[in-house]
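Written out below as structure tokens is the structure these notes cover.
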Amino acid sequence: MKITYIAHSSFLVETEAAVLLFDYTEGELPKTESGKPWYIFASHVHGDHFSPCIFDIPRRLKVRCLYILSYDIQESRVPEMERNQVIFMESREKIMVDGMWVETLKSTDEGVAFLITLPQGPVLYHAGDLNDWIWEGEDPQWNLEMEKSYRAALDTIKGRHIDAAFVPVDPRLASHACDGAELLAEAVTIAHLFPMHCWEKYDVVARLKQRGIITGKGCHVADINKRGQVFEIDPGKDKNVGR
Numbered sequence: 018m019k020i021t022y023i024a025h026s027s028f029l030v031e032t033e034a035a036v037l038l039f040d041y042t043e044g045e046l047p048k049t050e051s052g053k054p055w056y057i058f059a060s061h062v063h064g065d066h067f068s069p070c071i072f073d074i075p076r077r078l079k080v081r082c083l084y085i086l087s088y089d090i091q092e093s094r095v096p097e098m099e100r101n102q103v104i105f106m107e108s109r110e111k112i113m114v115d116g117m118w119v120e121t122l123k124s125t126d127e128g129v130a131f132l133i134t135l136p137q138g139p140v141l142y143h144a145g146d147l148n149d150w151i152w153e154g155e156d157p158q159w160n161l162e163m164e165k166s167y168r169a170a171l172d173t174i175k176g177r178h179i180d181a182a183f184v185p186v187d188p189r190l191a192s193h194a195c196d197g198a199e200l201l202a203e204a205v206t207i208a209h210l211f212p213m214h215c216w217e218k219y220d221v222v223a224r225l226k227q228r229g230i231i232t233g234k235g236c237h238v239a240d241i242n243k244r245g246q247v248f249e250i251d252p253g254k255d256k257n258v259g260r
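Under this note's numbering, the first residue of the sequence shown is numbered 18, with each subsequent residue one higher.
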């Protein structure tokens with residue numbers, strides 16, 4: 018499985034059978050093996066997670082695309098010629114798409130997070146903006162409710178194993194930047210965690226690793242430090258990692 022960091026919260030995952038693209042708004046897309054179907058996910062309508070440019074991909078790259086979009090992205094944003102290739106998902110929904118299970122979690126911000134079980138068995142998690150958004154200086158009661166909401170969302174997947182998790186580690190949260198990722202690692206087991214939503218301030222990735230909470234659970238944290246990085250993982254070999 019080849020994973021390419023595109024930009025911000027966007028990653029491209031290429032398996033032997035398919036290509037999955039998450040929250041693409043900008044950046045260079047890598048070349049992929051021809052003939053594979055593309056599944057393009059958008060977790061919510063915010064401009065740093067969704068752009069209508071995704072609907073140009075079939076013509077630009079000459080690939081077949083199916084779009085799986087959060088319910089809060091208005092159908093009017095989808096070109097009429099692509100509407101029969103779009104699936105809108107509500108939060109807390111589970112569907113089968115071409116042999117893969119796609120589940121959604123309710124975000125603590127907008128839209129959904131995606132939990133995807135591929136036909137071969139590997140599990141991917143893309144959080145979108147599902148995170149423990151604890152802001153320094155915010156009303157303490159608001160922050161308390163935020164953490165409760167985040168934990169409630171994670172409870173719906175508690176005990177699951179994830180092979181590749183794409184998770185916000187937002188430096189704007191200051192001392193709380195790593196909280197959401199660490200709470201996720203308490204709720205589930207993760208083989209590989211890919212920090213995202215860093216606003217290209219990648220020093221927060223080193224901070225996440227130095228804290229040791231996630232790596233101490235046997236999870237490998239990807240050293241995200243620039244656009245276009247490529248990582249290769251083998252879920253078969255990693256099946257005991259993070260369990």
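Ideal Cβ placement from N, Cα and C applies to all residues, glycine included. Predicted, not measured: the structure shown is a model, and the values here were computed from it.
Between the segment 30-50 and the segment 192-204 there are fewer than three inter-stretch CB-CB distances shorter than 8 Å, so the stretches are not counted as touching. Look at residue 248 here: in three-state DSSP terms it is strand. Per DSSP, reduced to three states, the secondary structure at residue 75 is helical. For residue 250 against residue 181, the beta-carbon gap comes to about 6 Å, under 8 Å, which counts as contact.
DSSP places residue 180 inside the beta strand (DSSP E), whose first and last residues are 178-185.
For residue 190, no alpha helix (DSSP H) segment is defined, and its DSSP state is neither H nor E. Within the DSSP secondary-structure output, residue 120 pairs in a beta bridge with 111 and 132. In the same chain as residue 116, and ignoring 5 residues on each side of it, the C-beta atoms closer than 6 Å to its own belong to 136, in chain order.
Contact between residue 60 and residue 146 holds: their C-beta atoms lie close to 7 Å from each other, under 8 Å. For residue 179, the CB contacts under 6 Å within the same chain, skipping 5 residues up- and downstream, are 140, 142, 205 and 207 in chain order. If only complete runs of 4 or more residues are kept, the segment 57-104 shows the alpha helix (DSSP H) at 74-78, in order along the chain. The criterion of a C-beta distance shorter than 8 Å is not satisfied by residue 114 and residue 103.
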